[in-house]
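Residue numbers (the numbering used here): 4 to 194.
Using N, Cα and C, we set each Cβ at its ideal position, and we do this for glycine too.
In structure tokens, the structure reads:
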């Protein structure tokens, strides 16, 4: 995995690249969130990104040592501190869920229970103009499952990459593999 053309927002205390993977150990109390329900703003999560123009699909496989409430790792799309989306695996209520947070000034949060296997979860985020489609690859049947279709402001360029956070601790270990950004998949929503 080449990260030579990528930039950190809030670099973690430890990260390493090798064997096609990025391994990250998070800093203390890191997160991306804006206001809703909890009443706080956090913009100190770890995000390794590059700018992308136009429509695209980004994919990555994530694995993590999910143990503490809100440990999370996945993909992020970011226009600014007030407009971003994060999608991936998040630990809550004793389980690893597929989690999506869409922030347009304030954050919302959705969760889907999935079976996160030992090989991790493959995530795909696709931009079609103002529409962002988020999917995960179901290891049981090999099909991409839809999780979210969300609005996102149209802009010439956005930042896209890998994100991880540990809002209630430090030292969460996440591993990203096979990260890539390419042309947007077909707009067909249904097989």
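Exposed or buried, what is residue 103 when buried is set at 16 or more other beta-carbons lying within 10 Å of its beta-carbon? buried
Among 45, 53, 96, 192, which has the Cα closest to the Cα of residue 70? 96
Residue nearest to residue 32 in terms of C-alpha spacing, selected from 181, 178, 168: 168
Closest to residue 36 by C-alpha separation, out of 106, 114, 182, would be which residue? 106
Just verifying my parser: in three-state terms, what is the DSSP assignment at residue 170? coil
Residues that DSSP places opposite residue 179 in a beta bridge: 25, 65
If you scan the stretch 37-98 from start to end, which runs of the beta strand (DSSP E) of 3 or more residues do you find wholly inside it? 44-46, 49-56, 59-67, 75-83, 86-95
Could you name the residues of the same chain whose beta carbon sits closer than 6 Å to that of residue 67, not counting the 5 residues immediately before and after it, in chain order? 76, 177
Three CB pairs or more closer than 8 Å across the stretch 148-165 and the stretch 49-59: yes
Just tell me which of 91, 132, 136, 44 has its CA closest to the CA of residue 115. Of 91, 132, 136, 44, the residue nearest in Cα terms is 91.
Smallest Cα separation from residue 173: which of 61, 24, 30, 10? Looking at the Cα atoms, 30 is the closest of the given residues.
For residue 101, three-class secondary structure by DSSP: strand
Looking only at its own chain, which residues have a Cβ that is under 6 Å from the Cβ of residue 34, when we skip the five neighbours before and after it? 45, 48, 168, 170
Can you tell me whether residue 190 is helix, strand or coil according to DSSP? coil
Could you please give me the residues that DSSP links to residue 34 through a beta bridge? None; residue 34 has no bridge partner.
Helix, strand or coil: how does DSSP classify residue 131 here? In the structure shown, residue 131 sits in a strand (DSSP, three-state: E or B).
Alpha-carbon to alpha-carbon, residue 180 and residue 20: 10 Å
Suppose the cutoff is 8 Å on Cβ atoms and the five residues either side in sequence are ignored; what does the same chain contact list for residue 58 look like? 129, 130, 131, 132, 186, 187
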